[in-house]
Every structure is written in structure tokens, then in C-alpha cells.
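For reference, each letter of the sequence shown is one residue, going 45 to 529 in our numbering.
Glycine residues also receive a C-beta, built at the ideal position from the N, C-alpha and C atoms.
Note that the structure is predicted; figures quoted are calculated from it, not measured.
Written out below as C-alpha cells is the structure these notes cover.
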Amino acid sequence: MNLKSTFLSLSLLFAANLFAQNREEFIYASMEAKHAQELKLSHSDLIEIIAINNDLASVYIHPEVTHELHQKILSHGPGYMFHATESNALNTINSPLEMSRTVLEYSITNQEYVKTLLDDVNKQNIEEVMQHLESYGSRYHLSAQANEAAEDLKVRWENLIAAANRTEDISVRIVSHVNTPMKSVVLTIKGNENASQYVIVGGHLDSIVGGSNKTYAPGSDDNASGIATITEIIRVLLANDYKPQKTVEFMAYAAEEIGLVGSNEIATQYKNQGKDVFGYVQFDMTAYKGSSKDVYVSIDSFNNNDLNLFLYELMEEYNSFGDHKFTYATTRCNYGCSDHYSWAMKGYPAAFPFEASFNDSNPYIHTTSDTFDKNGDGSHAAKFAKLGLEFVVEAAKRSEVLDVVNLNKTKAKFYVDQKAVGFEVPSNKTIKSATVINVAGQKVATKNQVNNNDKINLNQLPKGAYIILLETTSGEKLTYKFILK
Numbered sequence: 045m046n047l048k049s050t051f052l053s054l055s056l057l058f059a060a061n062l063f064a065q066n067r068e069e070f071i072y073a074s075m076e077a078k079h080a081q082e083l084k085l086s087h088s089d090l091i092e093i094i095a096i097n098n099d100l101a102s103v104y105i106h107p108e109v110t111h112e113l114h115q116k117i118l119s120h121g122p123g124y125m126f127h128a129t130e131s132n133a134l135n136t137i138n139s140p141l142e143m144s145r146t147v148l149e150y151s152i153t154n155q156e157y158v159k160t161l162l163d164d165v166n167k168q169n170i171e172e173v174m175q176h177l178e179s180y181g182s183r184y185h186l187s188a189q190a191n192e193a194a195e196d197l198k199v200r201w202e203n204l205i206a207a208a209n210r211t212e213d214i215s216v217r218i219v220s221h222v223n224t225p226m227k228s229v230v231l232t233i234k235g236n237e238n239a240s241q242y243v244i245v246g247g248h249l250d251s252i253v254g255g256s257n258k259t260y261a262p263g264s265d266d267n268a269s270g271i272a273t274i275t276e277i278i279r280v281l282l283a284n285d286y287k288p289q290k291t292v293e294f295m296a297y298a299a300e301e302i303g304l305v306g307s308n309e310i311a312t313q314y315k316n317q318g319k320d321v322f323g324y325v326q327f328d329m330t331a332y333k334g335s336s337k338d339v340y341v342s343i344d345s346f347n348n349n350d351l352n353l354f355l356y357e358l359m360e361e362y363n364s365f366g367d368h369k370f371t372y373a374t375t376r377c378n379y380g381c382s383d384h385y386s387w388a389m390k391g392y393p394a395a396f397p398f399e400a401s402f403n404d405s406n407p408y409i410h411t412t413s414d415t416f417d418k419n420g421d422g423s424h425a426a427k428f429a430k431l432g433l434e435f436v437v438e439a440a441k442r443s444e445v446l447d448v449v450n451l452n453k454t455k456a457k458f459y460v461d462q463k464a465v466g467f468e469v470p471s472n473k474t475i476k477s478a479t480v481i482n483v484a485g486q487k488v489a490t491k492n493q494v495n496n497n498d499k500i501n502l503n504q505l506p507k508g509a510y511i512i513l514l515e516t517t518s519g520e521k522l523t524y525k526f527i528l529k
């Protein structure tokens with residue numbers, strides 16, 4: 045047993061003695077049933093399993109026990125969702141997840157503009173924000189510094205708006221919550237042609253450490269890195285006079301670490317108001333490169349397959365070669381692992397690109413060692429800023445710019461004929477290879493030395509959404525999304 049595990053066990057033993065008779069600090073939560081059962085075996089006095097349904101459990105639990113989700117069960121967190129009442133916890137496990145709609149409406153049409161934005165990303169800006177957020181000492185949701193950080197972030201974002209002279213169509217608001225005193229921060233760029241549709245990027249502002257002492261919780265990677273990444277996305281968009289067709293929002297949430305409190309309250313409000321969220325992307329930990337690839341897209345069942353495909357398509361289009369090249373793969377993060385779950389459970393398309401495979405993610409999170417010096421410079425996080433820019437511009441589009449036919453389609457024609465996909469390419473193009481990618485990011489069919497009017501047989505593949513990727517001999521990549529019926 046290492047020192048950290050020993051300390052955690054001693055802390056929980058003390059907590060068991062202290063709270064066995066007094067349950068004032070206990071909370072209601074939902075989590076995977078197998079995780080609740082494991083916690084019950086080791087800490088029977090600190091967790092009560094209320095009910096189990098469909099592999100989920102509603103529990104009454106002391107918050108410190110939840111940190112074992114990170115030590116023994118999960119590699120990212122919180123891994124549970126907070127509920128204000130027992131009935132809410134029971135309703136969550138007894139109600140089926142609202143599956144997000146199928147949307148193959150995402151397209152890539154703004155190549156030249158996006159490439160200009162990518163050139164403007166500055167890793168030093170990300171580093172400065174990370175170090176500034178770490179300097180608060182703690183952003184634990186009950187600390188005074190948490191709201192100080194929120195108010196200061198609001199001012200920082202307002203200064204970016206003022207510098208761009210965009211106070212007429214861009215605003216920042218503080219959001220108060222019911223189940224935490226900490227505030228969230230939301231920046232809104234009002235859409236022009238289709239303001240009722242929302243494209244949202246979010247990440248949590250709070251931080252946490254295990255044990256009873258929360259006075260030093262630096263949270264450099266988790267999640268100062270995500271907020272710094274989002275701030276750089278905002279800066280680049282405003283510096284380049286971005287005006288969207290759809291409404292774009294950036295959110296810095298309160299109290300993610302105690303069960304997705306801030307994001308759940310906001311997502312619930314949006315659902316109750318009938319707001320149409322076209323796509324949601326989460327940035328929670330972007331700085332630590334723990335795996336061989338750069339970006340790992342979560343493919344848990346509650347994530348939206350079409351939105352994940354769109355992220356793959358964006359990275360193939362913008363990041364597969366040249367100055368902005370980076371690599372991607374997929375991973376899983378389990379129940380309630382970050383704020384995107386709050387949006388997914390309300391039926392909104394949600395995706396979560398992460399800094400590493402979850403098995404290789406930052407070992408310092410939720411400890412006093414989650415500091416800037418452990419994460420290197422801002423180079424890794426800058427890749428996520430680029431992906432965020434690509435997502436925002438291509439999902440929300442540009443105001444007063446006609447949504448022209450995908451440039452890829454002017455270079456090549458694609459068609460699906462029963463269980464085969466075919467293509468025709470201009471005579472001045474020579475195709476080196478054709479590859480089909482599924483929603484899990486896997487290359488499921490490849491054909492080399494492709495001729496014009498060629499086909500790829502897909503009889504072995506199940507029904508669903510796919511991307512076909514053509515690579516020319518000159519290194520150009522063309523993508524097209526299709527449904528196999």
C-alpha cells in the first residue's frame with residue numbers, strides 16, 4: 045500500500061468513527077452499482093445502498109468515500125452524480141437515459157477561416173491562465189477562493205469582449221446554484237441567423253483533494269487546464285471577429301468534483317426551457333500527455349456517436365498533417381465522469397475529448413501535487429484549443445457566410461450502394477488509399493491502390509454511421525460521412 049492509499053484509509057477510518065452516529069454530511073448520489081457494492085464492502089458505515097436498478101445504484105454516502113472511486117475503481121471523476129433528495133436519486137436510476145437525437149447535420153465548410161484561427165493559438169496564454177488559477181491555492185466549492193476565481197474569470201472574459209469591441213452581441217453572466225454556494229460562469233455569443241440553437245463548450249472551474257483538509261487543492265490539470273483551453277478558444281475567436289449563425293456558449297462550472305452539481309443544474313434548466321443544444325463538448329484535463337496519442341475521445345454509451353464522428357472528421361481534416369498535426373484514439377471514462385454526462389442525460393448530443401487514455405491519465409489529480417510543473421508546458425493543451433475552435437466554427441458556422449457545399453465534395457463524389465461505398469475523383473487526383481472509420485474511431489475497412497469509380501465492400505460491417513477517408517498521393521485527405529443501412 046502506498047503512502048497516499050495509507051493516508052486515505054486512515055482518513056476514512058477516522059471518518060467512520062466520527063460519522064457512524066452523525067450523518068449530517070452524507071449526501072444522496074447515483075453511481076454504477078458495482079462501484080457502490082465495492083465501496084460498501086470496504087466502508088459499510090459510510091455508504092448505504094438505497095436501491096439498485098439497471099446496473100445503477102442510488103446511495104446515501106459520506107463524500108470522502110467517493111475519493112476511492114479515483115484510487116481503486118475509476119481513473120477520472122467524480123464517477124457519481126449528486127442529488128438533493130433521496131427521491132431524485134431513485135428517479136435517476138429508475139428512469140431510462142434520454143438518448144440524444146441522431147444528427148448527421150454536422151459539416152465542414154470553413155477550412156480557410158479555421159486554418160487562420162489555428163495559426164493564432166498561443167500556448168503561453170494557456171500556461172498563464174493555468175498558473176493563475178493554481179495561485180488561488182484551492183478552488184474547492186466551499187472555499188472563498190472558489191467564488192473569487194469565478195468572479196475573476198468573469199472579468200477576464202469581459203476584458204476579451206471589450207478588447208474586441210463586441211459588447212453588443214457577447215455577454216458574460218454569473219450563475220448561482222441551489223446545491224453549492226460556488227458560482228458558474230457563462231459567456232454567450234449570440235447567434236444571428238439561428239440564435240435558438242446552441243453550440244456549447246464547457247469545463248469545471250472547481251478543484252478538490254482527498255482528506256478533510258481542502259485548503260490546498262491546486263487543480264492545475266484538473267481542471268485549470270480545461271478552463272485555460274476554453275479561455276484561449278474565446279480569445280482566438282474574438283480576435284478574429286468570429287460571428288456565429290447559431291448561439292455559442294462557453295461554461296465554467298461550479299462543483300463538478302462533488303457530483304456534477306453546476307452542470308447538472310444548468311443542463312436541467314436548459315432542458316426545462318426547451319433549449320435546442322446542437323452539440324456539447326467538454327474540456328476536463330487537457331495538459332498532461334500520458335499516452336502515445338494526443339486526443340482520446342470518450343466512447344461511453346451515453347456519448348453521441350454522430351458528434352464523436354464529427355470530431356474524428358474534424359481532426360482528419362485539420363490535424364492529420366502540417367503545422368497543426370496531432371493524433372487521436374478512443375477511451376472510456378464510465379458513469380458520471382465529467383460534466384458532459386449532465387448534458388447527455390438530458391438528451392443532448394455530448395462528447396468528451398480527453399488528454400490521455402483513462403488508464404494513463406494524470407496520476408496527480410485530486411492531490412496537492414496537481415501543480416503546473418507536473419504538466420509540462422501548454423503544448424498539449426493547445427491541441428485541444430485547436431479542436432475546440434474547429435468544433436465551434438464548423439458546428440455553429442459563420443454569420444452572413446453562406447453554408448456552401450462541403451469542399452471535399454467538390455473534389456470527390458461519394459455514394460452508398462447497398463453494402464458498398466463508392467467514389468469518383470477528378471482526373472487530376474490520384475487516390476493512395478481509402479479507409480472507413482466507425483463511431484469508435486476504429487479503421488474497419490481499408491483499400492489501397494484505389495482506382496476511380498472503385499468501391500469498398502462493407503458486407504462485414506453492421507448498420508450505423510461511418511466516415512470514409514480518402515488520402516491522395518500528395519497527402520491531401522478528403523472525408524465524407526455516411527449511414528450504412
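Relative to the C-alpha of residue i, which residue among the options is closest?
| i | options | result |
| --- | --- | --- |
| ALA101 | SER88, GLN81 and LEU85 | GLN81 |
| LEU505 | MET359, ALA440 and ASN482 | ASN482 |
| ASP498 | ASN378, ALA188, PHE458 and THR412 | PHE458 |
| LYS525 | TYR510, GLU68 and ARG217 | TYR510 |
| ARG376 | TYR392, TRP387, ASN132 and ALA400 | ALA400 |
| TYR372 | MET389, GLY334, CYS381 and PHE346 | GLY334 |
| LYS521 | SER386, CYS381, VAL199 and GLU360 | GLU360 |
| ALA484 | THR374, THR110 and SER215 | THR374 |
| ARG210 | THR232, ALA194 and ASP196 | THR232 |
| HIS111 | SER86, ASN97 and HIS127 | SER86 |
| LYS234 | ALA388, GLU212 and HIS221 | GLU212 |
| ASP461 | LYS529, SER518, ASP417 and HIS424 | LYS529 |
| ALA190 | THR291, LEU113, GLU301 and LEU281 | GLU301 |
| TYR385 | GLU69, MET75, GLU68 and ARG67 | MET75 |
| GLY181 | SER151, ASP414, ALA296 and LEU204 | ASP414 |
Return the CA-CA distance between residue i and residue j, expressed in angstroms with no decimal places.
| i | j | result |
| --- | --- | --- |
| TYR362 | LYS159 | 8 Å |
| GLY123 | ILE93 | 16 Å |
| GLU192 | ARG183 | 9 Å |
| ALA426 | ALA207 | 22 Å |
| HIS410 | GLU276 | 24 Å |
| GLU149 | GLU357 | 13 Å |
| VAL219 | ILE310 | 8 Å |
| GLY306 | THR479 | 41 Å |
| LYS487 | THR129 | 45 Å |
| ASN452 | THR523 | Unreliable placement is indicated for ASN452, whose pLDDT of 47 sits below 50; the coordinate value is still reported in the next sentence. Computed Cα separation, rounded: 7 Å. |
| ILE91 | HIS106 | 6 Å |
| VAL165 | ALA429 | 7 Å |
| ASN503 | PRO393 | 29 Å |
| GLY432 | TYR72 | 34 Å |
| PHE365 | GLU515 | 11 Å |
| LEU513 | GLY254 | 45 Å |
| LYS441 | ASN154 | 8 Å |
| SER228 | SER269 | 17 Å |
| GLY246 | ASN495 | 44 Å |
| LYS476 | ILE500 | 14 Å |
Which residues bound the alpha helix (DSSP H) around residue i?
| i | result |
| --- | --- |
| GLY270 | 270-283 |
| HIS248 | Per DSSP, HIS248 belongs to no alpha helix (DSSP H); it is in the beta strand (DSSP E), 238-248. |
| GLY306 | 305-316 |
| LYS198 | 188-207 |
| HIS106 | Unbroken run through HIS106: none, as it is neither H nor E. |
| SER477 | Not the alpha helix (DSSP H): SER477 falls in the beta strand (DSSP E), residues 475-481. |
| THR160 | 155-163 |
| GLN326 | From DSSP, GLN326 is part of no alpha helix (DSSP H) but of the beta strand (DSSP E) over 320-326. |
| ASN138 | 130-138 |
| ASN388 | According to the sequence provided, residue 388 is Ala. The question's Asn does not apply to it. Run containing ALA388: 384-388, per the alpha helix (DSSP H) assignment. |
| ILE170 | 167-178 |
Between which two residues does the beta strand (DSSP E) containing residue i stretch?
| i | result |
| --- | --- |
| PHE354 | Element bounds for PHE354: not the beta strand (DSSP E) but the alpha helix (DSSP H), 349-362. |
| GLU76 | 71-76 |
| ALA489 | 487-492 |
| ILE92 | First, the amino acid is wrong: residue 92 is Glu here, not Ile. Where GLU92 is concerned, the enclosing beta strand (DSSP E) stretches over 91-97. |
Have a look at the DSSP bridge pairing and note the partners of residue i.
| i | result |
| --- | --- |
| PRO397 | VAL341 |
| ARG442 | PRO288 |
| ARG217 | VAL230 |
| ILE500 | VAL465 |
| MET295 | VAL230 and GLY246 |
| HIS127 | TYR72 |
| HIS515 | It should be pointed out that residue 515 corresponds to Glu in this sequence rather than to His. According to DSSP, which records beta bridges pairwise, GLU515 is partnered with SER477 and LYS521. |
| TYR372 | VAL339 |
| TYR150 | Answer is none; TYR150 lacks a bridge partner. |
Hey, does residue i have any beta-carbon neighbour from chain B nearer than 8 Å?
| i | result |
| --- | --- |
| SER215 | Protein chain content of the structure displayed is limited to a single chain, and chain B is not contained in it. |
Please confirm if the segment 312-319 is in contact with the segment 255-265, defined as three or more CB-CB distances below 8 Å between the two stretches.
No: the two stretches stay apart, fewer than three of their Cβ pairs being nearer than 8 Å.
Can we say the segment 280-289 touches the segment 340-348, given the rule of at least three CB pairs closer than 8 Å?
Flag = no, the segment 280-289 and the segment 340-348 do not touch.
Evaluate the contact criterion for the segment 162-176 versus the segment 225-242: three or more CB pairs, one atom per stretch, below 8 Å.
The segment 162-176, when compared against the segment 225-242, does not touch it at the 8 Å Cβ threshold.
Cβ pair count under 8 Å reaching 3, the segment 186-205 against the segment 318-332:
Note that the segment 186-205 does not touch the segment 318-332; fewer than 3 beta-carbon pairs, one per stretch, sit closer than 8 Å.
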